[in-house]
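Have a look at the structure below before the remarks.
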Amino acid sequence: MKMLLTTLSDVLPSDPTTLVAGYEGMSLTAGIVIFYLLIVLGIGYWATKKTKSSKDFFIAGKQIGPVALALAAFSATLSGWLFVGAPGLVYTIGTGAMWFTMSTAVAYVILWAVTGKRMRLLVEVKDVMTVADAVYERFNSRFASVLAGVATLIGVVLYLATQLLAMGVILGYVFNISVGTGVVIGMVITLLYAIGGGMLAGIYTDVFQGSMMAITSVVIFSIALSVGDGMENITNIIANSSALAEGGLGFKFVGPFGILPPISVMSFFFLLALGIVGQPHLVHKFFMIKDIKKLKHGAFFTTIPAIIAGLLSFGVGVLVKSQVLAGNLDALIKADDAITVFLLNYTTPVLTGLAFAGIASAIMSTADSFINIASAAAVRDIPLAFGKRLSEKNELKYGRITALLCGVISVVLALGLSSEGIALLGAFGYGTFAAALAPAIGLGYNWKRATKEGAAASIGIGLLLGITLEVAKNLQMAWYMKSFGKVGIYNGVFALSISVIVFIVVSMLTKPAKLDEKIDAVMSC
Amino acid sequence: MDKNTKLVMFILAATVVMVISQLTRNATLFAVTMMIIIYSWIFLGTLKNGKMPKVLGSVWFITMGVMIISLLAMLNIVKVPENITQSHVLGFPLPTAILFFVFWIFAGVVNTAAYSARFEKDILTKEWIDEFEKKTNTNLQIDNKEAS
């Protein structure tokens, strides 16, 4: 690894800002992005007209079809990551980065088999709109439910800030503006449709951008193969590069695990696959399906575009790497610029515009989903902690106000945090949700012996452990580096494993309460 | 102890083993327990009255086996880095091709296609819907409602 860094640093790094400044087709690209964003706003306007109640706002009026659900689930899980983060990670660590995406081999079947039917049946018999609602109905425990609500609210607002930063970078490139201005513009557009159209706007934006992304991915992958003269040539250039000769780094780079230890990349796979059951923005999509029988094709329809889009990440990542090693491109300053460097060097302004617009709207639709579940947590889960329920009219009204607040707080966080603060943001990721919520939802709804004590302990410990380990890692705290860091443990998997163990053990040691008849029916079906 | 509880106890044991494999950095043990845990969760979500549907269960069990074998094969090949590019399939080095075409695409398609194909027989039968509606006094059958 050290050898790799030393060699690459000898080459003048590639700076997308310079590339963007000299890119002649940028006005056409910007025009396409503006047109695309107008379509997104149009969807928001249409959805606002259709949003009359808190059910419409938070769970799209329970009127979502199977294809919309599938594309929304795909977009919400992987969209922005597939276009920006994944190609950059492939560029850095090789094929090992693909294990995040390859979790789709099992992730969606887990989501559908473990939670799909139960969550859709639950919404039929209980007034459920959030994951915390689901925890409350299953365990009849305000404490466990509030923990789930708090985890969702804090996690989502902070996670949203990282999405906005990415949005700022993309808009900055396209319109030649500062990242800060990009963050503000992105948030204003997102809030315009999120406050009005709620989840309905988010779902149909997901459908639009998910479809565009799948189509664009095929074209971009084909271009990558063509530029690199085929996959065999691309992988051979990397494998046989003198810059990566030490320790067989080049061979490992194109091998199945990349340059990381196999157990590390398998950990990515495990966390993304099993942790999907604990993602509030995915689980609550099952509350929205119009007809339970429409669950049938959902997992399949979600997996196929994820596989197609995954090819883009790999194609772009290895192609840019091979071009850098062959001396045709300068080394990247930031790995996340791989997609930008690829688009600006090897595709047309139209395709670049479609890809940039796809990235921007992917981030926006994910942000919209996050804003929506954060406001749902604020107007439903937190009042429940005090034994109160707002009226439907007030839920809608305060939901919109809270959505605005969440957006503003996220912008302030995105723009105002120090590097240590950004490290803290990184702690509230997928792994934290997985450790906190996956056992309570996934095991809780499929095991009648589970108890509220088990759920509360698992959510609390999962949350605490997940955040503590990630913060300690990001800040490189001494105790962490001497223990977990030294062994090379992947925090998310460790926290999830401990959370599962705690859930089961505490449940077995405590007395199960008699199940509500309707919950029993949900779990027995 | 009912069958769901037995399966949950199995998940507990497998999870403990997986934690040990993380602490000892044993990739082979991690690979096997990881897949067993993942599929145990899937089976737990699909059990009905403690029984796993035969056809769907068999398909998923075989897929789990294929994934474990392909994982072990990949782990074995990469022990010697130079072996990685000795042969290619569709342009990908052999172990990477196993990852892409067997571990990912084949498993992803078979897992989800099996769920779709067996949905009315193994996930949600007409009888189960009727039973649920009777117990909860609800009407899930949207198509029938609309038709009437």
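So the sequences go chain by chain: A and B.
Residue numbering for the first sequence is -9 to 515, as defined by this note's numbering.
Residue numbering for the second sequence is 17 to 164, as defined by this note's numbering.
Think of the CB as a built atom: it goes at the ideal place given N, C-alpha and C, for glycine as much as any other residue.
CB contact below 9 Å: residue i versus chain B
i	result
residue 128 (chain A)	no
residue 287 (chain A)	yes
residue 332 (chain A)	no
residue -9 (chain A)	A caution first: residue -9 (chain A) carries a pLDDT of 36, below 50, which makes its placement in the model unreliable, though a value can still be read off. With 9 Å as the cut-off, residue -9 (chain A) does not count as an interface residue toward chain B.
residue -6 (chain A)	Reliability of the predicted coordinates at residue -6 (chain A) is poor, the pLDDT of 36 falling under 50, and the value obtained from them is presented with this limitation in mind. Not an interface residue.
residue 264 (chain A)	yes
residue 33 (chain A)	no
residue 344 (chain A)	no
residue -3 (chain A)	Only weak support exists for where residue -3 (chain A) lies, its pLDDT of 37 falling under 50; the coordinates are left without a value.
residue 224 (chain A)	yes
residue 470 (chain A)	no
residue 215 (chain A)	yes
residue 281 (chain A)	yes
residue 229 (chain A)	yes
residue 511 (chain A)	yes
residue 267 (chain A)	yes
residue 443 (chain A)	no
residue 421 (chain A)	no
residue 251 (chain A)	yes
Of the listed residues the options, nearest to residue i (C-alpha basis)
i	options	result
residue 244 (chain A)	A:270, A:81 and A:276	A:81
residue 59 (chain A)	A:508, A:94, A:225 and A:287	A:287
residue 229 (chain A)	A:316, A:382, A:121 and A:256	A:316
residue 265 (chain A)	A:502, A:488 and A:508	A:488
residue 280 (chain A)	A:345, A:114 and A:482	A:114
residue 97 (chain A)	A:272, A:30, A:250 and A:31	A:272
residue 454 (chain A)	A:187, A:49 and A:145	A:145
residue 307 (chain A)	A:248, A:67 and A:462	A:248
residue 24 (chain B)	A:511, A:505 and A:491	A:491
residue 538 (chain A)	A:16, A:210, A:242 and A:513	Residue 538 (chain A) is absent from the model: chain A starts at -9 and stops at 515.
residue 49 (chain A)	A:194, A:496 and A:299	A:194
residue 256 (chain A)	B:150, B:133, B:48 and B:71	B:48
residue 51 (chain A)	A:379, A:386 and A:396	A:386
residue 206 (chain A)	A:329, A:90, A:270 and A:483	A:329
Residue-chain proximity (residue i, chain A), Cβ-Cβ < 9 Å
i	result
residue 69 (chain B)	no
residue 139 (chain B)	yes
residue 78 (chain B)	no
residue 53 (chain B)	yes
residue 85 (chain B)	no
residue 107 (chain B)	yes
residue 61 (chain B)	yes
residue 74 (chain B)	no
residue 164 (chain B)	Unreliable positioning characterises residue 164 (chain B) in this predicted model, as indicated by a pLDDT of 41, which lies under 50. The coordinate reading is nonetheless provided below. Answer no: the Cβ-Cβ gap between residue 164 (chain B) and chain A never drops below 9 Å.
residue 124 (chain B)	yes
Which of helix, strand or coil DSSP assigns to residue i
i	result
residue 109 (chain B)	strand
residue 16 (chain B)	Missing from the structure shown is residue 16 (chain B); chain B here goes from 17 to 164 and no further.
residue 2 (chain A)	A caution first: residue 2 (chain A) carries a pLDDT of 47, below 50, which makes its placement in the model unreliable, though a value can still be read off. Of the three classes helix, strand and coil, the one that applies to residue 2 (chain A) here is coil, per DSSP.
residue 322 (chain A)	strand
residue -9 (chain A)	In this prediction, residue -9 (chain A) scores a pLDDT of 36, lower than 50, which makes its location untrustworthy; the coordinate-derived value is nonetheless stated afterwards. Here residue -9 (chain A) sits in coil by DSSP.
residue 8 (chain B)	Past the boundaries of the shown model lies residue 8 (chain B); chain B is included only from 17 to 164, so the question cannot be answered.
residue 64 (chain B)	strand
residue 249 (chain A)	coil
residue 54 (chain A)	strand
residue 279 (chain A)	strand
residue 55 (chain B)	helix
residue 463 (chain A)	helix
residue 396 (chain A)	helix
Proximity below 9 Å, CB of residue i to CB of residue j
i	j	result
residue 33 (chain A)	residue 198 (chain A)	yes
residue 277 (chain A)	residue 157 (chain A)	no
residue 176 (chain A)	residue 37 (chain A)	no
residue 14 (chain A)	residue 339 (chain A)	yes
residue 99 (chain A)	residue 53 (chain B)	no
residue 210 (chain A)	residue 334 (chain A)	no
residue 292 (chain A)	residue 128 (chain B)	yes
residue 486 (chain A)	residue 425 (chain A)	yes
residue 79 (chain A)	residue 302 (chain A)	no
residue 122 (chain A)	residue 367 (chain A)	yes
residue 362 (chain A)	residue 184 (chain A)	yes
residue 371 (chain A)	residue 191 (chain A)	no
residue 128 (chain A)	residue 282 (chain A)	no
Distance cut-off 8 Å: residue i Cβ against heavy atoms of the ligand HEM
i	result
residue 497 (chain A)	Although the ligand HEM was asked about, the structure shown includes no ligands whatsoever.
Supposed contact pair residue j and residue i - C-beta distance, whole angstroms, cut 8 Å
i	j	result
residue 456 (chain A)	residue 422 (chain A)	4 Å
residue 62 (chain A)	residue 284 (chain A)	So it is not a contact: roughly 13 Å between Cβ atoms.
residue 27 (chain A)	residue 345 (chain A)	Going by Cβ atoms, the distance from residue 27 (chain A) to residue 345 (chain A) rounds to 14 Å, so no, they are not a contact pair.
residue 300 (chain A)	residue 88 (chain A)	7 Å
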